[in-house]
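Protein chains: 2
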Amino acid sequence: MDGQEAVCLPKLSRVAVCGGTHGNELSGVYLVKEMMKSRKEEDNESGSQPVLVLSNPRATKKCLRYTEVDLNRCFSRDALNSPLLDIAPYEVLRSRELDALLGPKGSPYSVDLVCDLHNTTSNMGLCFIAYSDSDWISMHIFKHLKRCMPDIPMRYIHFDLPQDESYSLDSVGKHGFAMEIGPQPHGVVRSNIYTTMKCGVQHMLDWIHLFNSGRVFEGGFVDVFTLVKHLDYPRDCSTLDIIAAIHPQLQDRDFCLLNPGDPLFQTFSGETMPYNGTESLHPFFINECAYYEKGIALSLSRLRRVKIPAVCATSEQHAVIVT
Amino acid sequence: MDGQEAVCLPKLSRVAVCGGTHGNELSGVYLVKEMMKSRKEEDNESGSQPVLVLSNPRATKKCLRYTEVDLNRCFSRDALNSPLLDIAPYEVLRSRELDALLGPKGSPYSVDLVCDLHNTTSNMGLCFIAYSDSDWISMHIFKHLKRCMPDIPMRYIHFDLPQDESYSLDSVGKHGFAMEIGPQPHGVVRSNIYTTMKCGVQHMLDWIHLFNSGRVFEGGFVDVFTLVKHLDYPRDCSTLDIIAAIHPQLQDRDFCLLNPGDPLFQTFSGETMPYNGTESLHPFFINECAYYEKGIALSLSRLRRVKIPAVCATSEQHAVIVT
Chain B
1 MDGQEAVCLP KLSRVAVCGG THGNELSGVY LVKEMMKSRK EEDNESGSQP VLVLSNPRAT
61 KKCLRYTEVD LNRCFSRDAL NSPLLDIAPY EVLRSRELDA LLGPKGSPYS VDLVCDLHNT
121 TSNMGLCFIA YSDSDWISMH IFKHLKRCMP DIPMRYIHFD LPQDESYSLD SVGKHGFAME
181 IGPQPHGVVR SNIYTTMKCG VQHMLDWIHL FNSGRVFEGG FVDVFTLVKH LDYPRDCSTL
241 DIIAAIHPQL QDRDFCLLNP GDPLFQTFSG ETMPYNGTES LHPFFINECA YYEKGIALSL
301 SRLRRVKIPA VCATSEQHAV IVT
Chain X
1 MDGQEAVCLP KLSRVAVCGG THGNELSGVY LVKEMMKSRK EEDNESGSQP VLVLSNPRAT
61 KKCLRYTEVD LNRCFSRDAL NSPLLDIAPY EVLRSRELDA LLGPKGSPYS VDLVCDLHNT
121 TSNMGLCFIA YSDSDWISMH IFKHLKRCMP DIPMRYIHFD LPQDESYSLD SVGKHGFAME
181 IGPQPHGVVR SNIYTTMKCG VQHMLDWIHL FNSGRVFEGG FVDVFTLVKH LDYPRDCSTL
241 DIIAAIHPQL QDRDFCLLNP GDPLFQTFSG ETMPYNGTES LHPFFINECA YYEKGIALSL
301 SRLRRVKIPA VCATSEQHAV IVT
């Protein structure tokens with residue numbers, strides 16, 4: 001250990017891999033189906049295998065993001081605990097089922113890790129999206145994938161929300177993140193994106209196996225992009241129609257620094273609208289299809305380097321630090 | 001004229017530019033809205049302006065391809081003339097309205113030209129899709145755009161169907177074609193694709209203006225890709241789920257020659273499936289989002305060069321050949 005402190009964390013005995021939380025994000029849908037099929041063929045039901053979940057089968061069947069409300073916004077503490085109305089949308093009912101299967105969120109019974117598979121139309125490569133910048137498990141898995149897949153652009157995105165307010169399926173686990181890969185149009189599966197996701201999941205499961213087997217993982221650094229704010233499209237005051245698209249010089253340049261004065265939008269009549277913020281920030285989710293309705297043209301983040309400690313597994317239920 | 005025969009064709013007095021025939025193909029939606037807005041601002045209602053149509057407002061509002069049935073399959077002679085049921089889908093009703101506005105199809109009252117704007121997730125550049133390889137008007141406009149926009153990959157696709165069976169909105173005009181531009185995810189507008197469409201439409205209108213003003217356009221050659229057949233994805237016999245995606249070596253290579261034995265699909269477990277046809281053909285609509293449900297993974301075409309004559313405008317109602 002070279003004198004480095006190692007944080008000993010509980011083993012990851014129960015891991016869930018979820019696809020189709022958004023039913024038109026097809027890499028995850030087909031990857032989870034393929035994993036289910038392989039397992040059936042191998043007739044291998046060992047306890048070390050992940051729980052495989054098709055999160056929103058109804059939306060998946062229709063190849064829609066969701067049928068009534070966005071399932072991946074239904075997992076905040078309040079949303080999960082509010083009284084159920086008779087006319088509750090399908091996704092609200094489904095979120096309770098998933099919380100029962102993988103949670104209950106915040107309880108000792110929840111699975112150890114949820115990896116929720118997503119696609120984006122944005123040119124984001126492979127991203128982890130997590131609510132913590134000090135979840136050493138998620139960050140070590142990220143570091144492992146970066147090492148194993150050096151040709152894939154990879155970033156760690158941090159949504160800085162308290163656990164109660166965290167709203168996505170991956171927040172149900174003790175650890176969790178969305179594995180978000182793009183660019184891929186929704187409703188389409190591209191071999192290269194599918195294969196990247198498949199490799200990413202396999203390397204994650206490999207890491208978990210090594211971790212549970214007692215391997216000590218050295219510390220290091222992770223570059224973390226913390227969400228600062230969202231920007232909406234310019235819109236017509238009366239119709240609320242968008243009146244501009246992402247500027248061609250910004251399109252596909254997710255994570256490249258956006259400086260005050262840089263081209264941001266191009267109106268449909270051809271004018272350039274510059275970024276009028278005061279701070280240089282890193283954009284992501286540039287021109288994501290599903291966010292038009294949410295009023296998000298892109299998100300902006302601040303980058304910083306986070307030091308992560310060495311980690312190893314313990315059979316204890318709580319973290320222990322050893323030297 | 002250098003002794004070249006010129007075909008004199010009736011002037012194009014009434015031209016329609018349609019967007020949103022598929023409500024989630026956004027370049028056409030926003031281009032038609034922008035053209036409507038400019039016209040309003042200029043307060044310019046001269047007769048030489050095109051008719052502007054938002055074809056499927058209900059699907060556009062929901063950002064869906066269609067609400068009940070695919071509007072762009074509702075314009076065959078049979079479909080337009082079959083008795084209307086009380087429970088007719090919205091798009092069937094809408095197709096009658098559009099036929100009344102721009103047609104009736106096949107009658108002397110139909111508009112002279114329909115340009116219907118579409119987007120595809122396939123890497124197809126700018127394509128004209130037409131039912132004729134001897135519609136000199138459409139082919140001359142195509143040739144004009146190719147000359148004016150040399151940086152844009154441009155192809156002329158021919159669906160070899162008799163007029164009665166032609167099923168798309170553009171078939172309602174005396175001349176007509178779909179202007180299909182990609183790659184762009186459905187539900188997304190990308191500045192570069194929008195701008196290409198805007199330029200394409202402007203050059204088309206310029207050509208029509210010159211043609212109507214008496215300019216003689218020299219003959220030449222157009223490379224025509226005639227549809228031969230569609231290929232479906234490999235599917236699971238019982239669930240009908242696809243079990244493979246377009247092979248990464250074929251993805252985005254629309255119009256590049258596909259030879260027998262070339263990689264065609266990659267299964268979700270990683271195996272390559274080759275093209276087992278006997279003839280080398282040119283693929284297009286490779287991995288188009290909307291065609292998963294239609295059972296089309298890609299279409300195959302045969303390429304040949306078509307000679308087109310010089311053309312000029314006449315005030316007569318029918319074509320005349322002059323030397």
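Just so you know, the protein sequences line up as chains B and X, in that order.
Residue numbering for the first sequence follows the UniProt record's numbering, starting at 1 and increasing by one per position.
Residue numbering for the second sequence follows the UniProt record's numbering, starting at 1 and increasing by one per position.
A virtual CB, placed ideally from N, CA and C, is assigned to each residue, including glycine.
{"Check": "Does chain X have any CB closer than 8 angstroms to the CB of G28/B?", "Outcome": "no"}
{"Check": "Does the segment 286-294 of chain X come close enough to the segment 65-72 of chain B to have 3 or more Cβ pairs within less than 8 angstroms?", "Outcome": "no"}
{"Check": "Is there a Cβ from chain B that is less than 8 angstroms from the Cβ of V202/X?", "Outcome": "The displayed chain sequence assigns Gln, not Val, to residue 202/X. It does not: the Cβ of Q202/X has no partner Cβ on chain B nearer than 8 angstroms."}
{"Check": "Can you check which of these residues, L126/B, G125/B, F142/B, is closest to D133/B by C-alpha distance?", "Outcome": "F142/B"}
{"Check": "Which residues bound the alpha helix (DSSP H) around I181/X?", "Outcome": "Premise fails: I181/X lies in the beta strand (DSSP E), 175-182, not in any alpha helix (DSSP H)."}
{"Check": "Report back the beta-carbon spacing between A178/X and H118/X to the nearest angstrom; my notes put them in contact at under 8 angstroms.", "Outcome": "5 angstroms"}
{"Check": "Is L145/B helix, strand or coil when you go by DSSP?", "Outcome": "helix"}
{"Check": "Please indicate yes or no: does the CB of E279/B lie closer than 7 angstroms to some heavy atom of the ligand ADP?", "Outcome": "Looking for the ligand ADP in the displayed structure turns up nothing, as the structure carries no ligands at all."}
{"Check": "Which chain X residues sit within Cβ distance under 7 angstroms of V189/B?", "Outcome": "A245"}
{"Check": "Go ahead and label A100/B buried or exposed: buried means 16 or more other beta carbons lie within 10 angstroms of its beta carbon, across all protein chains shown.", "Outcome": "exposed"}
{"Check": "Measure from the alpha carbon of E288/X to the alpha carbon of each residue in S110/X, G28/X, E180/X, S27/X, then state which is nearest.", "Outcome": "E180/X"}
{"Check": "Quick one: using the 10 Å Cβ neighbour count with 16 as the cut-off for buried, is H209/B buried or exposed?", "Outcome": "exposed"}
{"Check": "Quick one: give me the first and last residue of the beta strand (DSSP E) that F211/B is part of.", "Outcome": "Where F211/B is concerned, there is no enclosing beta strand (DSSP E), although the alpha helix (DSSP H) it sits in stretches over 191-212."}
{"Check": "Given a limit of 9 angstroms on CB to CB distance, which residues of the segment 172-188 of chain B reach chain X?", "Outcome": "P183, Q184, P185, H186, G187, V188"}
{"Check": "Take the Cβ of M1/B as the centre, count every other Cβ of all protein chains shown within 10 Å, and call the residue buried at 16 or more, exposed below.", "Outcome": "Model confidence at M1/B stands at a pLDDT of 46, short of 50, so the residue's coordinates are unreliable and nothing is read from them."}
{"Check": "Specify, as a first and last residue, the run of the beta strand (DSSP E) that A6/X falls within.", "Outcome": "6-10"}
{"Check": "Report the rounded CA-to-CA distance for D70/X versus I157/X, giving the unit in angstroms.", "Outcome": "21 angstroms"}
{"Check": "Rounded to the nearest angstrom, what separates S110/B and H144/B at their Cα positions?", "Outcome": "24 angstroms"}
{"Check": "Where does the unbroken beta strand (DSSP E) through P283/X begin, and where does it stop?", "Outcome": "282-284"}
{"Check": "By the criterion of Cβ-Cβ separation under 9 angstroms, what are the contact partners of D241/B in chain X?", "Outcome": "Y30, K33"}
{"Check": "How about the segment 242-259 of chain B and the segment 273-281 of chain B: do they share at least three Cβ pairs that are nearer than 8 angstroms?", "Outcome": "yes"}
{"Check": "Compare the C-beta of S55/X with all C-beta atoms of chain B and state if any pair is closer than 8 angstroms.", "Outcome": "no"}
{"Check": "Pick helix, strand or coil for T314/X, following the three-state DSSP scheme.", "Outcome": "strand"}
{"Check": "Could you check where the alpha helix (DSSP H) with V92/X kicks off and where it finishes?", "Outcome": "90-102"}
{"Check": "Using 8 angstroms as the limit for Cβ to Cβ distance, is V311/B near chain X?", "Outcome": "no"}
{"Check": "If we cut at 8 angstroms on Cβ distances, does T121/B have a partner in chain X?", "Outcome": "yes"}
{"Check": "Grab the span of the alpha helix (DSSP H) containing D78/B for me, first residue to last.", "Outcome": "77-81"}
{"Check": "Go through its chain and collect everything with a Cβ distance to R14/B's Cβ below 6 angstroms, but skip five positions before and after it.", "Outcome": "V111, D112"}
{"Check": "Using a Cβ cut-off of 7 angstroms, which residues of the segment 259-287 of chain X contact any Cβ in chain B, in chain order?", "Outcome": "Q266, F268, S269, N287"}
{"Check": "Indicate whether V17/X and L52/X have their beta-carbon atoms separated by less than 8 angstroms.", "Outcome": "yes"}
{"Check": "If the criterion is Cβ atoms closer than 8 angstroms, does the pair K105/B and F75/B meet it?", "Outcome": "yes"}
{"Check": "According to DSSP, I308/B sits in a beta bridge with which residue or residues?", "Outcome": "G220/B"}
{"Check": "Check whether the Cβ of residue 329/X lies closer than 8 angstroms to any Cβ atom in chain B.", "Outcome": "Given a span of 1 to 323 for chain X in the structure shown, any question on residue 329/X remains unanswerable."}
{"Check": "Quick one: which chain X residues come within Cβ less than 8 angstroms of N192/B?", "Outcome": "P248, Q251"}
{"Check": "Using 8 angstroms as the threshold, is the C-beta distance between T226/B and I243/B below it?", "Outcome": "no"}
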